[in-house]
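Heads up: the protein sequence lines correspond to chains Y and F, in order.
Just so you know, we're using my numbering here: the first sequence kicks off at 14 and counts up by one.
Just so you know, we're using my numbering here: the second sequence kicks off at 26 and counts up by one.
Note that beta-carbon positions come from the ideal geometry of N, C-alpha and C, so glycine has one too.
The structure displayed is predicted, hence computed values, not measured ones.
Shown next, in structure tokens, is the structure this report addresses.
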Amino acid sequence: DAGVIQSPRHEVTEMGQEVTLRCKPISGHNSLFWYRQTMMRGLELLIYFNNNVPIDDSGMPEDRFSAKMPNASFSTLKIQPSEPRDSAVYFCASSLGDRDTGELFFGEGSRLTVL
Amino acid sequence: SQKIEQNSEALNIQEGKTATLTCNYTNYSPAYLQWYRQDPGRGPVFLLLIRENEKEKRKERLKVTFDTTLKQSLFHITASQPADSATYLCALTGGGNKLTFGTGTQLKVEL
């Protein structure tokens, strides 16, 4: 298995532009998570899905952020309009959704820089 | 409020020694606690999980303890090697499969 695949790996954009980050979870995994990591705040959960349905989006900073999971093999995180404070590494992770273990498999991350 | 605290200062130890990392939490009653390793520029990688009814868990040179009374987990790496240098994150759930992470502790193993 290729693991969780994220794209792009690096994105540099200007303030006000729309940014779309993409994630392909591991086949057969039922849960998908979007995290953001910064030096100041560490790894923060933004939103997670179970069986393609958003369960908890309380970590989404504001209305500029939106996430979708149209099918079991694809998810997007969109920021519109982007701001410099959105600069961070965004990780996607997936799991079997088994409450007994909950082990997460992370992608390599998308490093976003907003100028 | 809920908190997960790990030492923010880097831990420097000599090769061959045992590294001990601490994870303290407040206002959680986790059914289990997990430890991850993160290398620079990479995503976190799962290492170990310990359940609330387990006092200790081992995997090769790794050992994790979980004290639900103290609300603390200790993560040990015995016979440490320079390749063990990384940031180690603890994580736990407050309900469902929503996993919250500590800020991590950076470990440096020197020759």
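Kindly say whether residue i, judged by its beta-carbon, lies nearer than 8 Å to any beta-carbon of chain A.
i, result
"Asn32 of chain F", "Here chain A cannot be found, since the structure's protein chains are Y and F."
Would you report the Cα separation of residue i and residue j, rounded to the nearest angstrom?
i, j, result
"Lys84 of chain F", "Lys91 of chain Y", "39 Å"
"Ala108 of chain F", "Asp64 of chain F", "10 Å"
"Ala80 of chain Y", "Ile60 of chain Y", "8 Å"
"Met82 of chain Y", "Met73 of chain Y", "15 Å"
"Glu31 of chain Y", "Val127 of chain Y", "10 Å"
"Glu57 of chain Y", "Ser71 of chain Y", "11 Å"
"Trp60 of chain F", "Asn43 of chain Y", "21 Å"
"Asn37 of chain F", "Leu73 of chain F", "22 Å"
"Lys28 of chain F", "Met53 of chain Y", "15 Å"
"Asn63 of chain Y", "Thr89 of chain Y", "15 Å"
"Ala101 of chain Y", "Gln106 of chain F", "30 Å"
"Ser13 of chain Y", "Glu135 of chain F", "The structure shown does not extend to residue 13 of chain Y, since chain Y is modelled only from 14 through 128, so no value can be given for it."
"Leu58 of chain F", "Met28 of chain Y", "39 Å"
"Ile68 of chain Y", "Cys36 of chain Y", "17 Å"
"Lys133 of chain F", "Lys96 of chain F", "26 Å"
Per DSSP, residue i forms a beta bridge with which residues?
i, result
"His42 of chain Y", "Answer by DSSP bridge pairing: none, since His42 of chain Y is not bridged."
"Asn65 of chain Y", "DSSP output for Asn65 of chain Y lists no bridge partner at all."
"Val32 of chain Y", "Y:Ile92"
"Gly55 of chain Y", "Y:Thr51"
"Arg124 of chain Y", "Y:His23 and Y:Val102"
"Asn84 of chain Y", "Y:Phe87"
"Lys37 of chain Y", "Y:Ile18"
"Arg76 of chain F", "F:Tyr57"
"Glu81 of chain F", "F:Thr90"
"Leu117 of chain Y", "In DSSP, Leu117 of chain Y forms no bridge with anything."
"Ser107 of chain Y", "Y:Leu45 and Y:Phe118"
Beta strand (DSSP E) containing residue i: first to last residue?
i, result
"Lys123 of chain F", "Element bounds for Lys123 of chain F: n/a, residue is neither H nor E."
"Asp99 of chain Y", "Note, Asp99 of chain Y: premise wrong, no beta strand (DSSP E); not H, not E."
"Arg62 of chain F", "Tyr57 to Gln63"
"Asn37 of chain F", "Leu36 to Gln39"
"Gln31 of chain F", "Lys28 to Gln31"
"Val89 of chain F", "Leu87 to Asp92"
"Thr47 of chain F", "Ala44 to Thr51"
"Val17 of chain Y", "Element bounds for Val17 of chain Y: n/a, residue is neither H nor E."
"Ser105 of chain F", "Run containing Ser105 of chain F: none; DSSP gives neither H nor E here."
"Arg77 of chain Y", "Segment: none, Arg77 of chain Y is in no beta strand (DSSP E) and carries neither H nor E."
"Leu132 of chain F", "Thr130 to Glu135"
Would you mind giving the Cβ-Cβ distance between residue i and residue j, rounded to the nearest angstrom? I have them listed as a contact below 8 Å.
i, j, result
"Leu114 of chain F", "Thr47 of chain F", "Not a contact, Cβ separation roughly 13 Å."
"Val17 of chain Y", "Gly120 of chain Y", "4 Å"
"Gly122 of chain Y", "Phe104 of chain Y", "5 Å"
"Thr130 of chain F", "Leu117 of chain F", "Contact doesn't hold; Cβ gap of about 16 Å is too wide."
"Gly127 of chain F", "Glu30 of chain F", "6 Å"
Comparing the CB of residue i with every heavy atom of the ligand MG, is any distance shorter than 7 Å?
i, result
"Ile60 of chain Y", "With respect to the ligand MG, the structure shown offers nothing to examine, as it has no ligands at all."
Across the segment 47 to 65 of chain F and the segment 92 to 106 of chain F, are there enough close Cβ pairs to call them in contact, namely three or more that are closer than 8 Å? For the pair of segments examined, the segment 47 to 65 of chain F was found to touch the segment 92 to 106 of chain F: the number of CB pairs separated by less than 8 Å reaches three.
- [ ] Determine, using beta-carbon pairs with one atom in the segment 63 to 82 of chain F and one in the segment 36 to 43 of chain F, whether at least three such pairs fall under 8 Å.
- [x] The segment 63 to 82 of chain F is not in contact with the segment 36 to 43 of chain F.
Next item on the list: Could you tell me whether the segment 93 to 103 of chain Y touches the segment 85 to 92 of chain F, where touching means 3 or more Cβ pairs closer than 8 Å?
Entry: Touching, no, given that fewer than three Cβ pairs across the two stretches are closer than 8 Å.
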